[in-house]
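Everything on this sheet refers to the single structure shown next.
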Amino acid sequence: MPEGSGAAGLPEGLDASDAVAMYRTMVLSRMLDERVWMMNRQGKAAIAASAQGHEAAQVASVKALDPSRDHFLIYYRQFTAMLALGATPVEMLSGFLAKSGEPMSGARQFPLHGSHPRVDLFSFSNVVGTQLPQAVGVALADRLRGDSGRVTMVYFGDGAASQGDCHEAMNFAGIHRLPVLFFCENNGYATSVPLRRQMAIASAAERAAAYGFPGVSVDGRDMFAVYEATKKAADSIRAGGGPVLIEARVDRLLPHTTDDDHTRYRSPDDIGQMRDRDPVNLTEQTLKRRGLLDEQTDRAIKYEARRTVIDATDKAEALPYPDTEDMHDHLYAEPGRAL
Amino acid sequence: MPEGSGAAGLPEGLDASDAVAMYRTMVLSRMLDERVWMMNRQGKAAIAASAQGHEAAQVASVKALDPSRDHFLIYYRQFTAMLALGATPVEMLSGFLAKSGEPMSGARQFPLHGSHPRVDLFSFSNVVGTQLPQAVGVALADRLRGDSGRVTMVYFGDGAASQGDCHEAMNFAGIHRLPVLFFCENNGYATSVPLRRQMAIASAAERAAAYGFPGVSVDGRDMFAVYEATKKAADSIRAGGGPVLIEARVDRLLPHTTDDDHTRYRSPDDIGQMRDRDPVNLTEQTLKRRGLLDEQTDRAIKYEARRTVIDATDKAEALPYPDTEDMHDHLYAEPGRAL
Amino acid sequence: MATMNVLEAVRDAMRLEMRRDPSVFMLGEDIGARGGVFLASDGFVEEFGEDRVIDTPLAESSIVGIALGAAVNGMRPIAEIQFGDFIWPAMNQLVGEAARARYGTAGKRQAGMVVRVPHGGGVRGGLYHSQSVEAVLAHTPGLKVVAPATPYDAKGLLISAIRDDDPVVFLEHKRTYRLVRGEAPEGSYTEPIGRAEIKRRGEDMTIVTYGLMLHYSLQAAAQVAEQDGIEAEVIDLRTLRPLDTETVLESVRRTSKALIVQEDTPVASVGSEVAAVIADQAFFRLDGPVRRVTPPDLPPMPYSPLQEAEYMPSPIKIIRAIQQLAAI
Amino acid sequence: MATMNVLEAVRDAMRLEMRRDPSVFMLGEDIGARGGVFLASDGFVEEFGEDRVIDTPLAESSIVGIALGAAVNGMRPIAEIQFGDFIWPAMNQLVGEAARARYGTAGKRQAGMVVRVPHGGGVRGGLYHSQSVEAVLAHTPGLKVVAPATPYDAKGLLISAIRDDDPVVFLEHKRTYRLVRGEAPEGSYTEPIGRAEIKRRGEDMTIVTYGLMLHYSLQAAAQVAEQDGIEAEVIDLRTLRPLDTETVLESVRRTSKALIVQEDTPVASVGSEVAAVIADQAFFRLDGPVRRVTPPDLPPMPYSPLQEAEYMPSPIKIIRAIQQLAAI
Ligand SMILES: Cc1ncc(C[n+]2csc(CCOP(=O)(O)OP(=O)(O)O)c2C)c(N)n1
Ligand SMILES: Cc1ncc(C[n+]2csc(CCOP(=O)(O)OP(=O)(O)O)c2C)c(N)n1
Ligand SMILES: [Mg+2]
Ligand SMILES: [Mg+2]
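Heads up: the sequence lines are chains A, P, L and G, in that order.
For the first sequence, numbering that gives the first Met the number 0 begins at 0 and goes up steadily by one.
For the second sequence, numbering that gives the first Met the number 0 begins at 0 and goes up steadily by one.
For the third sequence, numbering that gives the first Met the number 0 begins at 0 and goes up steadily by one.
For the fourth sequence, numbering that gives the first Met the number 0 begins at 0 and goes up steadily by one.
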């Protein structure tokens, strides 16, 4: 972990309570994520993609931005990011259970898809990579309005980097030096396809050079490193420095989704090794080692998270399914039912 | 011009008669191309894209390859390349006049589109960039059959480099180290859009690094430089070294097509400067300076070209239009007319 | 009122809206200094600047994807796809994303944007500068698809499209650009999206058409009226999604016969839908089959001139179809 | 004969052809070690090696574009698009390029390739794992489009598709993969592309359908036969392009009534075309409107279970439509 200039060697901009709060979100995310997986096994959640292993990268990258003015385009694996941005556990579970009141899409879509009513965050579709040109368009709109100082943060996976849309988006952003932060959560796999079958280079960050802006690769299991890199990038973007690409190297601790079985394509060694660098554990150890977290607080955080999960589960399960009639709404601005 | 190790400082692999033959093709191409433009102004050719300014790059890149075993995927501006590959002047004109016997598509398509009956060369469509993944597929087929030693040569413009397909193609070729030569004729414009509005980097060749293979930028007005770079790339590809990207820096001496007026977006200076580096003139001067071409031969070449153009014009104009009934053929392998 | 052609009507509509609303901007290939390959934005970059008239790289998927993102963030983009034939790389962003931005967020986001698409044949465009691309667009819930045929409709409908809060694909038939002239108000006005218009009254049969084919159909109708005394009603759909089936059905119920004329290939097309709606909802008022005039089921369209002419529906072919249907 | 489900039939067909013809190879996302997300190629990389079972990057346009290039150079690729919903980025290479490779070269090149597309809904797939994508494909001259509903048809038609010298899009309904079991020969056999099949005989009306809806239609037909004495004939189109209009017309001329059942949304769809053909060519034999059962004209399809169930056509809805049409 980088030894920053702040308290207890924290990166500038973070204090001890921030660090603990970030850890708290990670713990909550992990436990809620585990619950979702269980709900799938119980037949309650039709499908889930887990953020386990991505927590540090997500919580820290969100922390480095400013949700009061920045835009967030996410993808399906951003469970922790959504919590960090303010989605409630009940909201999250209502998505997995496809229940009424689900805030993103009214449960028309898979979990995490749609748009959040309180946060400037959207994810229109499951079609991998489409968010990248859209993010560039969001940033362009800010530029055209003269609305400066905002960052458009777009998350994507290593898989998405292979899409034509990724190229077109980065190229346009580079030409116009738009305020876009391209944040690649590189977990080494597009479902089952390993990185060496996805690109002939060592790091996705190298791609930035092809578009004339900086690319940075960072250990995505290290919350402070991600925070520092993202903060630096965001500052530069806000100052008019143009786009930045960050690659956060993470692990996908679980199979691609609840439908997947990663033992078909990952060796026991591979799976074992990544478990040893679980970012939630790493963060816990680091915070304790640095004296930012004591045992008692940690226990309280975990207890609280467990209670929150139980409570959210009860509440989400008690929700009804959306009315069938509702599916006819919002096709066009004009009200009116299709045939 | 590079001073190679061959005769009169020619690049290895070229002798004096090759150099003259290449020049002869350039002269013919230029005169025939001028004729085509004129035929458009006369209302005989509905549309034409000119290769003027691209001749050296095309003739030399073809020369560095081996049409008896290599594959060529071209685009609409490859007028000189087609002549160099063996298309006859009458064939070329029949395309512009949309006449019966047009060899590529039976005049179903714009000139230069379709597939040549004698050369392993095709261009399915006008949709810019689509040839790039197709070329990768052609090379993949060779690889799968164990048909080694063949190069798949794919030509494209700087405009095409912005397409998602370009990214996807290069990425796949890089991963599988396929025998593809990506040859970009960078004339600085996609129709009216100048390079700085197309990419934030100085040279399209820089893109290769993003895909893990070498990229080379070469002065495309210099026939010998293009030959050397292409030969070296082809040798390396044939030896199993994987793809290479070559950017040939050229000028588009005329407007984008006969429908265009480039004075709308190019300054008189810009237009004037490029005329001073006309590759046909440059080549003539170089060959003469090096003693490879005397005045008499030059005159003969030009005389012969003029005769060829006149003769081809007569023949092509005398051809009938294709039968209307023919348009029903070849929709599927099975004969039979659509409704 | 002023006399203008379709291209001028399009230009006029855009200029008026660009002047009126600072959130309107344009992006596409060669729309800046070049003024668009058809000169639809001639003079725009000079008047509105490079920020609002953006020459993009040659990359259609991003043109639509960026427009979508900008629309979601409150701007009103007008994206130009240079030729309909080049819309295919953008289909994912258009059909998969923009069309569902509102529906997939249950109304929390919207994508008020226009995708202008010069399209259609009969212009010596060959296989890749002649296509009709409306079938898949008309199929897609969430899109609006407009295909005007006259300067009046082009201008009024384009202004409506720019102000619309949903994604509108605006199909401009290239052949009508300079060929079709007509009256239109000089100032701003709107025509409603989603309404067909009866462009000629008649009681013997209903011709349903749009785009360039409206003009061929009107020519044919005039001729059969004169030479055969057949009075064909001609409906210009104008909007292909949502379809104004009411106007069509009301007419067919009156005339009892329907002929559909389109330039697009026949299978699973806009014309198929019109026929299907008639066969379902006007069946008992029909006294003859629902006929269609379309090109052959071949890729649009051959480059060589005789084949192109043979491929395209023409007034003559429409006349023949009218006569045959009238004789039933 | 063996009993198998649709997924096993697909796997069997591919395995047999991979063994028979070394020019057959596969490319797509997760088809290697993962065996495909539906396990259609389970065990293939082990048997045929990484060269012939290629895990591609996540990039659909190149999957189809590379397949096309390989096909043109003499191989017989089977490209997999993981879900129909993700075919949109590849539309350009498929509809714009592959479909026209033969036509645009006047027969000098061909693109014998298969694009396998698991598609369809009723699987809790939400807006992006449920789509029907056949309309635009069926619209496109130069493509062949196959949509089998039974293991027998899936296996025989897929073998035909792999051997076909033109691009074939092979639509596999995800819900049928494990749900639908049936008899099929163990060895190799072909079923002809372009032929519909009457899957149930009847004289009171003709139901035209395909894919998952075949099974719902057969259930509905059996039930109305039993409870109402209505004998519906059920035609399985099997191939959506070229359409076997002969079989449809022969049947409708016999039964005088037509009901079209499809899972795709209604507008400008395969069902529209079938209706249009009937309204044109069987008009004088019809004694009732041509009816359609489709989902509402909304993006397929909501994720929440009650809405999804309401969205999908069902045997009950088909029964109601049969009864209504029979009563006319
Ligand atoms: C265009 C498209 N193709 C295929 C899929 C199916 N799919 C869903 S996620 C995924 C892998 C994505 O990998 P990556 O971008 O690395 O994200 P990760 O899941 O690893 O976080 C695939 C192939 C899809 N959703 N969209
Ligand atoms: C996908 C697509 N978009 C737009 C066009 C229209 N168009 C034809 S050529 C061209 C410019 C191509 O520029 P470049 O690739 O640099 O080739 P050049 O003409 O300069 O040789 C454009 C925009 C097209 N043919 N295909
Ligand atoms: Mg990944
Ligand atoms: Mg260029």
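Where is the CB? At the ideal position from N, CA and C, for every residue including glycine.
query: D50 of chain L versus A:A201, A:H166, A:F223 and A:R144, residue with shortest Cα-Cα distance; result: A:R144
query: When P:R107, P:A47, P:L120 and P:G113 are compared against G85 of chain P, the one with the closest alpha-carbon; result: P:L120
query: Beta-carbon proximity of F169 of chain L to R99 of chain L, cut-off 8 Å; result: no
query: Proximity test, D157 of chain P beta-carbon vs ligand 4 heavy atom, cut-off 7 Å; result: yes
query: Buried or exposed (CB count within 10 angstroms, at least 16 for buried), Y0 of chain L; result: One detail in the question is off: residue 0 of chain L reads as Met in this sequence, not Tyr. With fewer than 16 Cβ atoms within 10 Å of its Cβ, M0 of chain L is classed as exposed.
query: Segment contact flag, the region 269-278 of chain A with the region 61-77 of chain A, C-beta cutoff 8 Å, min 3 pairs; result: no
query: Opening and closing residue of the beta strand (DSSP E) in which Y154 of chain A lies; result: T151 to G156
query: Interface partners of Y176 of chain G on chain A, CB under 8 Å; result: In chain order: nothing, as chain A lies at least about 13 Å away.
query: Assigned exposure category for Y264 of chain P - 16 Cβ within 10 Å defines buried; result: buried
query: Rounded separation between K316 of chain L and I277 of chain G - CA only; result: 22 Å
query: N-terminal and C-terminal residue of the alpha helix (DSSP H) that G155 of chain L is part of; result: P150 to R162
query: Between the CA atoms of G211 of chain P and D157 of chain A - distance to the nearest angstrom; result: 16 Å
query: Burial state of L324 of chain L, where buried means 16 or more other Cβ atoms lie within 10 Å; result: buried
query: G186 of chain G versus D11 of chain G - alpha carbon distance; result: 9 Å
query: Heavy atom of ligand 2 within 7 Å of L57 of chain L beta-carbon; result: yes
query: Interfacial residues, the region 203-216 of chain P to chain A, with Cβ spacing under 8 Å; result: E205, R206, A208, A209, Y210, G211 and F212
query: Cutoff 8 Å; reference E2 of chain P; Cβ partners in own chain excluding five residues on either side; result: In this prediction, E2 of chain P has a pLDDT of 48, which is less than 50 and means its spatial position is unreliable; nothing more can be read from the coordinates.
query: Element boundaries [beta strand (DSSP E), containing D235 of chain L]; result: A231 to D235
query: Sequence-distant residues of its chain with Cβ nearer than 6 Å to E246 of chain A (five each side left out); result: C183, N185, S202, A203, A204 and S216
query: E202 of chain L vs R253 of chain L beta-carbon contact at 8 Å; result: yes
query: Local Cβ density within 10 Å of F330 of chain L, reported as buried at 16 or more and exposed below that; result: Outside the displayed range of chain L (0 to 327) lies residue 330 of chain L, so it cannot be described from this structure.
query: C-alpha distance - A66 of chain G paired with M112 of chain G, whole-angstrom precision; result: 7 Å
query: Residue interval of the alpha helix (DSSP H) (run including R115 of chain L); result: No alpha helix (DSSP H) contains R115 of chain L, which is instead part of the beta strand (DSSP E) from V113 to H118.
query: CB contact below 8 Å: R19 of chain L versus chain P; result: no
query: Minimum Cβ-Cβ distance from G271 of chain P to chain L less than 8 Å; result: no
query: Chain-ordered neighbours of I234 of chain L on chain G, where CB pairs are closer than 9 Å; result: Going along chain G, no residue has its Cβ under 9 Å from I234 of chain L, so there is no contact; the nearest lies around 17 Å.
query: Coil, strand or helix - D310 of chain A by DSSP; result: helix
query: Best match in L:V145, L:R200, L:V223 and L:R14 for proximity to E342 of chain L [C-alpha to C-alpha]; result: This structure cannot settle anything about residue 342 of chain L, because the visible part of chain L is limited to 0 through 327.
query: Helix, strand or coil at Y74 of chain P according to DSSP, with G and I counted as helix; result: coil
query: Own chain residues within Cβ distance below 6 Å of A359 of chain G, not counting five before or after; result: As displayed, chain G neither begins before 0 nor continues past 327, which places residue 359 of chain G out of reach and without an answer.
query: Whole alpha helix (DSSP H) elements within the region 82-122 of chain P, 4-residue minimum; result: 88-95
query: Heavy atom of ligand 1 within 7 Å of R115 of chain G beta-carbon; result: no
query: Residue-level contact to chain A via CB, D310 of chain P, 8 Å cutoff; result: no
query: Under 8 Å between C-beta atoms of R291 of chain G and P265 of chain G; result: yes
query: Short Cβ contact (8 Å threshold) for V269 of chain G with Q280 of chain G; result: no
query: Rounded Cβ spacing between A168 of chain P and A134 of chain P (contact assumed at less than 8 Å); result: 7 Å
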